[in-house]
Structures are given as structure tokens and as C-alpha cells.
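The next block holds one structure in the form of C-alpha cells; read it before the comments.
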Amino acid sequence: MATTYFFYDLETSGLNPRDDRIMQFAGIRTDADFNIIGEPYNLLVALNDDTLPSPSALMVTGITPQKTVSDGYTESQFAKIFIEEICSPDTILLGYNNIRFDDEFIRALLWRNFYDPYEWSYKDNRSRWDMLDVVRLTRALRPENIKWPTVNGVAVNKLELISKINNLEHTKAHDALSDVEALIAVTKLIAKTNNRLFNYLLKMRNKKEIMNLVNVKNPKPFVYASGRYDAEYNKTTVAYPIAMADYDNMFVYDLRYNPENWINKSNDEIIEILQTPFLERDKQYTHIPVKKIQPNRAPAVAPIGVLEQNDGWNKIKIELNDVENNIKILKQNPDFIDRIAKILLKRPDFTPQADAESKLYDGFINNQDKLRSEVVRNLDQNQIKQYNPEFEDSRLKQIYPRYKARNYPNALSSDERIEYDEYRKNRLNRQLPGFLKDLTEQSKITNLSSDQKYVLEELNLWMESILPDSDI
DNA sequence: TTAACACG
């Protein structure tokens, strides 16, 4: 089958992919030339009664929980549509900041509903891409022929600002389908005006392609656009792979900066710099110019040859001499690289997720449990009453009764009902303080629109309707 | 084959 793009966007109940939920999904399929194929998708997903959404998030989207319940699909119905219709073979799924945001919500939703969280984005010649980093690198290297927005003199890459300044159709920002239409328009504009860079980055969405260009065994300087780099230089620099990080990830050094600023610092000093909280960093603070690159997240990278054309070196304000000199210093100080890598690798001690529904990254599901998951997905109301799958993975054992309660509440035994209510009570009590604080703050905003006031009223009613009686 | 968050 021919390759198609599927552009998509979500509106969610908050910012945390494992605690918050998808409330709206919109997407449009196009052919390789961005001609629309078929009808757009624009659907709501019913918020479950175990979730208090973030009021400030809903003030942006305008979607109420009640609306998703009355007009939306259940999560499992949506998962089926997503997997069976949207993720057809040979589809490139893409959005705007989707790799760090929307895709994570998709994974978490599939995980809760007994679908594989990853196959949708790699199997059957499917892949994923993200226009945000494409926009960043285009702006840095080939900005001609496109207008670029700034806010207070700072370069910003918000989708609605890019579409507006270029007179592209964008009827309503933060409406999912409207954002998708704007994204397609921006994508077409970049593909048309910068075809070579666009097609190069399209090819580079593949993890193996990235690892050919960026690797520690044969390190070469490369151009790299990332949200972590300064807006002043259009989020783009020349970086250099210095050490392996976790998995296939690598630490890369930002060659804009001379390593001599840090090589004589002790481990304790380096640790202190790395651990200084953002708010405590003063004017003197100089962050260590090392970051992790993740090849499976379609980072926007290119060989430094691209800087030879169109005045590239000047555009990102770096000189070849400095690049060569800084590489030389790095090579002369291998122990500096070792120390930085060791310190950075030691850092991520995340507190473990408490709940199985948040534990999708604790490990892959084995093939037997995948088959059991498939059986679960195909159970109907009557079958699920009797069925008790013998999952080997303890996470799936814990998720199963939730799945049952949400999708087939009438199939619950009285014990299962009690268990689900207990889970619901705990989760809601955890969410309640933050919810109330946010709700109070939002209510104090003076110039609320009537739509926003309506959202806040509905949020109050939602809270009252789902909180267990004893807590009202 | 697929993964790793919790900003800076």
C-alpha cells in the first residue's frame, strides 16, 4: 500500500500522560503530497468516573467531562478505532510535539485497554514523526520564504502563531481538528519551500538513520535542533556525541561552548551545577552543555555540511574554528567526559509508579500475555462476567478489574464493585486537593468568558457527581 | 521489536 500521513492532535484532561486522560482526538489522513484522504476524525473520549481533570487544562480546551460522557466513545471503543482504522499499514503518524506529549497519552490509553502500547507506531511499516523539531531546524537553517513569529523579541514556535503570521487557515487554536488543519498547512509550507531539508528529516525519523549519523564510536559534529537549546540561536547548535547514556541514547556536547569552562571543576561542583533547581539559578549560573539525545524520538539532526549553504554558520552563530577547537579540547580530556557521563547516568532515581496502570515502562508484555490480552479485548458483556484471565504479568492482573468496571459495569460482582469503588476513592482523594486549588484559582480570574464560566460550573458538578458521598 | 517519565 502507498504511504500515507496521519496528522493528529489530542485535547487532554491535563499534562501528565499516565494520570490524565484523552478527552478529544482529531486527525486527518493525507497522501504523500498532503492531499486529504477520506473524512477527518473528530471524536470525544468519555472521561471515566475515576478522574478529576485539571481545571486550567479544560479552560484552554473548553471541553467538559459531561460532554465527553454524553457524546464520546469509551476508552476501549476509541482504542479499537485508533488501532483498526487509523493505524493502517504504511501510515506515518505525526503531530506537533506529539512524540513528547500526545504519543505518550496514546501509549498509556492502549496500555489500560489491553492493546500493545508500541505496535501502532512501528509494525506493518508504520512510523511516527513530529513536526515541532522539523519547524525548529527549518527556522534555524532555511527560514527564507516563511514568516516566523516572535513574542517580546523571543523566537517562539507555537503552531497558532506560525499559521497566523503566514496567513494559513486556523479557525480556532486549541480545537483539535482546527489545530490538525493548521498543522497540515504548516507542513505543506515547509515541504514546498524546503523540499530537500524536509525529505532529509523525513528519512531521519528512523532510529537507525539517527544512529548512523550520531554515534559514540565514530563521533562527528552534527547540527541539532532541540527544545533544550536557546531560542536565541533558534534552538539549534552543533553537537558532538561524547558518551553512551541509557539504552540507545547518547550524551552529546554543545560545541557552542568551550569545555575549558568546566574541565577543572570537581565532581561535587559539577553535581551542584546539575542539581541547582531552575528557580535558584542566578545570572552567574552556567549550565553544563551536555544533553541526552534519544534516537527513537525523531530528533532533528543533520550533517554539518548543511551549514555550508545559505550562510548556515552565521545563522546559528557558530564558527567552524570554535567547533574544531572545542572538539580538540574534549578529545584531550577524556576523563572530563567520563566524569560527566557517570554523574548524569547516576541521576534518574524516579520514585516508582504506585499503580499498575502507570507502569507501562516497567517492562514488555510476553507473548502469552499478549494472547490473553487479545482474548480480553474480544470479550462481550456476558463473557466478561465469567472470565478470569491467568495473566503472568502482575500489572495486567491489576488492570483487568478496572477495565471490567469501566467498560462493563453491569458485569461486576458485588466484591468487584467494592474493590473498584475503593480504588476510585483513593485516586480521587489524591487528585482532589490539586483540583480544588486549581479550580479556585481559575474562578478568581476576572475577565472569564461565558464559555469559561460554564466549564467551571460543569467542573463543580462533575466533582460532586463522582466523589463518593462521604467526601462531599 | 517495542520503553523509560517526573522541565528548565
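Throughout the first sequence, residue numbering follows numbering that gives the first Met the number 0, covering 0 to 471 in sequence. Even glycine gets a Cβ: it sits at the ideal position worked out from N, Cα and C.
Candidates the options, of which the one nearest residue i by Cα
i: W128; options: V155, F100, L140; result: F100
i: K316; options: K291, Y256, P288, K452; result: Y256
i: D334; options: Q308, F434, P258, S393; result: P258
i: K290; options: E307, A242, K157; result: A242
i: F5; options: Q23, L51, N34; result: N34
i: N409; options: R426, E389, I383; result: I383
i: S464; options: R423, S448, E318, T445; result: R423
i: N387; options: Y228, Q380, V375, K282; result: V375
i: T137; options: I364, T60, N233; result: N233
i: L447; options: Y360, V59, D18, A31; result: V59
i: N325; options: R280, D49, P400, P240; result: P240
i: R195; options: R141, C86, D437; result: R141
i: N252; options: E268, P218, P276; result: The amino acid occupying residue 252 in the given sequence is Tyr; Asn does not appear at that position. The shortest C-alpha separation from Y252 is found at P218.
i: T73; options: A404, Q331, T350; result: A404
i: W261; options: I339, V213, Q293; result: I339
i: I444; options: D30, W110, P54; result: P54
i: L254; options: E307, D321, P432, N211; result: D321
i: K122; options: S225, T90, V133, L359; result: T90
i: L42; options: D49, T50, I80; result: I80
Local conformation of residue i per DSSP, three classes
i: P288; result: coil
i: Y232; result: helix
i: I444; result: coil
i: I317; result: coil
i: M0; result: coil
i: L14; result: coil
i: A54; result: A quick correction: the sequence has Pro, not Ala, at residue 54. Of the three classes helix, strand and coil, the one that applies to P54 here is helix, per DSSP.
i: Y386; result: coil
i: I270; result: helix
i: R481; result: Outside the displayed span of the chain (0 to 471) sits residue 481, for which this structure offers no information.
i: N41; result: strand
i: Q23; result: strand
i: P302; result: strand
i: S225; result: coil
i: W312; result: helix
i: P333; result: helix
i: V251; result: strand
i: I471; result: Residue placement at I471 cannot be trusted, given a pLDDT of 48 that sits under 50; what the coordinates show is reported in the next sentence. The answer is coil: DSSP assigns I471 none of H, G, I, E or B.
i: R28; result: strand
i: A297; result: coil
i: Y476; result: Because the chain is modelled from 0 through 471, residue 476 falls outside the range shown and cannot be assessed.
i: F6; result: strand
i: I241; result: strand
i: S412; result: coil
i: D174; result: coil
i: R204; result: coil
i: R135; result: helix
i: D48; result: coil
i: W119; result: helix
i: R280; result: coil
i: W461; result: helix
i: V155; result: coil
i: Q451; result: helix
i: T275; result: coil
i: D129; result: strand
i: T149; result: strand
i: I262; result: coil
Own chain, CB closer than 7 angstroms to residue i, minus 5 neighbours either side, in chain order
i: I21; result: L9, T11, V44, F104, L108
i: S442; result: L455
i: L46; result: S12, R20, M22, P52, P64, T67, V68
i: W461; result: P64, Q65
i: V179; result: F6, Y7, D8, A25, G26, I27
i: T186; result: F33, M130
i: S162; result: H169, A181, A184, V185
i: K314; result: A139, L140
Other residues of its chain near residue i: CB distance less than 6 angstroms, five sequence neighbours each side excluded
i: P16; result: E103, F104, A107
i: A172; result: E159
i: G94; result: Y7, D8, D101
i: E391; result: D368
i: G362; result: none
i: I189; result: T137, F197
8 angstroms Cβ shell around residue i - same chain, five flanking residues per side excluded
i: S393; result: A355
i: R280; result: H286
Between the stretch 118-135 and the stretch 294-311, do at least 3 Cβ pairs fall closer than 8 angstroms? Enough Cβ pairs lie closer than 8 angstroms, so yes.
Those runs of the beta strand (DSSP E) which lie wholly inside the stretch 74-117 and span at least 3 residues: 90-94, all fully within the stretch 74-117.
Could you pull out every unbroken alpha helix (DSSP H) segment of at least 4 residues lying fully inside the stretch 349-388, listed in chain order? Taking only runs of at least 4 residues, the alpha helix (DSSP H) segments lying wholly in the stretch 349-388 are 366-376, 380-385.
Contact the stretch 113-128 vs the stretch 145-160: 3+ CB pairs below 8 angstroms: Output reads no: the stretch 145-160 does not touch the stretch 113-128.
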